[in-house]
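When we follow our numbering, the leftmost residue of the sequence shown carries the number 1173, and every step to the right adds one. Where a beta carbon is used, it is the ideal one built from N, C-alpha and C, also for glycine. Before any comments, here is the structure.
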Amino acid sequence: MKEIYFNHDGNVDDFISYLLLLQAPDIHLLGVGTIGADGYVEPSVEACRKMTDRFNLRGDEIEIAKSNSRPVNEFPSEWRMASYSFNYLPILNESGKVTTKQASLPAHLDLIDKLKNSSQAVTLVMTGPLTDLARALEIAPEIQDKIKELYWMGGSLDGHGNVFTITADGSQEWNAFWDPEAVKTVFDSKIKITMIGLESSEELPLDDKFRMHLSSLRCYPAFDLAGQGYSLIVSVPTAELFLWDVLTTMCALYPEIATVKEVKAKVVTEGLAAGKTYEDEDGRPLTLVTKADKDLFFKKVDELLMRK
């Protein structure tokens, strides 16, 4: 049975990723950490506790760890507000109580604790910045031996980014830009990395067709939550959104979804290109997801969301 630790940054796509992990059969969810990057950490922790109460089909003993990591470059506040809205969704609050606990340790220390105490190597799924993992490695580098593989939603190796601020040149992806040094720390480790960058999921847009599909199956509680969640996000033509985080999670659960290639890459840590990841023959080996099997992806998502 696959052991998974999930670390995310609290926006809607992260929450739906967590929902899929709660619904998935034949895994054990060892722990969950949430970091205040693309969402605010307090409502993110609360929402995950409520989701665990409502959707933990396997009955895993899960506590939600709150990160105290801070950004080098902060996400726009208007993007982050979705974590508050998601936390207020009726389906998560109808019971009127929360029983899942918050972990006693901050997320980077919780990760160390969970890895050290696991009886087998653990798959890390990270859909936000790599800061908690980087901090954990700096404190306890020996945890590398307990990590089977890291699936990370971050970076881009085809030359385009999604950061458009006066302090950046537009070549970087936001999760890498949030803390470029953390990317370097993880890249300098011996951890096996599968990277799902911006180029990996452009066949999987968050569009009206997908939203209507979720709505048509809202008789299933997990579909209902996913549909409510994605209704909070409105994309515009100049900022088209894709299912980056969900693809990352689904690749960890079902690797056969992904077409991959082996590459070598580095990260820029300073200047206007800080956070840019790029191919380099002297870089560290990565498995890059280049394409998703669209039909299989949606088939597996449906199967998981239909489980009760």
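Judged by beta-carbon spacing, residue 1435 lies within the 9 Å limit of residue 1459, meaning their Cβ atoms are closer than that value. Bounds of the beta strand (DSSP E) holding residue 1458 are 1456 to 1464. Sixteen is the threshold: when 16 or more other Cβ atoms of the shown chains lie within 10 Å of the Cβ of residue 1469, as they do, the residue is buried.
Residue 1397: member of the alpha helix (DSSP H) spanning 1393 to 1402, first to last residue.
Runs of the alpha helix (DSSP H) spanning 4 or more residues and lying entirely within the segment 1286 to 1322 occur at 1303 to 1311, in chain order. Here DSSP, grouped into helix, strand and coil, assigns residue 1279 to helix. If you look at residue 1347, you'll find it in the alpha helix (DSSP H) that goes 1346 to 1350. Note on residue 1211: 16 or more other CB atoms within 10 angstroms of its CB, so buried under the neighbour-count rule.
Counting C-beta atoms within 10 angstroms of its own C-beta, residue 1242 has fewer than 16 neighbours from the protein chains shown and is therefore classed as exposed. According to the DSSP assignment, residue 1223 belongs to no beta strand (DSSP E) but to the alpha helix (DSSP H) extending over 1213 to 1227.
Secondary-structure assignment with DSSP links residue 1368 through a beta bridge to 1325. Counting along the chain, the unbroken beta strand (DSSP E) around residue 1174 starts and ends at 1174 to 1180. Counting along the chain, the unbroken beta strand (DSSP E) around residue 1204 starts and ends at 1199 to 1206.
Assigned with DSSP and collapsed to three states, residue 1434 falls in strand. A contact is defined here as three or more CB-CB pairs under 8 Å, and the segment 1340 to 1354 fails this definition with respect to the segment 1395 to 1405. In the displayed model, residue 1238 falls within a strand according to three-state DSSP. For residue 1426, the three-state secondary structure derived from DSSP is coil. The residues 1352, 1353, 1356, in chain order, have a CB closer than 6 Å to that of residue 1441 in the same chain once the five nearest residues on each side in sequence are set aside. Taking every protein chain shown into account, the CB of residue 1406 has fewer than 16 other CB atoms within 10 angstroms, so this residue is exposed.
Here residue 1332 is exposed. Its C-beta has fewer than 16 other C-beta atoms within 10 Å.
Taken through DSSP and simplified to helix, strand or coil, residue 1442 comes out as coil. Collapsing the DSSP output to three states places residue 1451 in a strand. Taking all protein chains in view, the Cβ of residue 1248 is surrounded by fewer than 16 other Cβ atoms within 10 Å, so the residue is classified as exposed. Minimum Cα-Cα distance from residue 1286 among the listed residues 1267, 1363, 1177, 1478 corresponds to 1177.
Residues of the same chain with a CB within less than 6 Å of the CB of residue 1245, apart from the 5 flanking positions on each side, are 1349, 1350 in chain order. Burial check for residue 1206: the Cβ neighbour count within 10 Å reaches 16 or more, so the residue is buried. Judged by DSSP in its simplified three-state form, residue 1377 adopts strand. Close CB contacts of residue 1236 within its chain, under the 6 Å cut and outside five residues either way in sequence, are with 1204, 1217, 1220, 1221, 1274 (chain order).
Secondary structure of residue 1187 (DSSP, three-state): helix.
The shortest C-alpha to C-alpha distance from residue 1187 to any of 1366, 1388, 1208, 1417 is the one to 1417.
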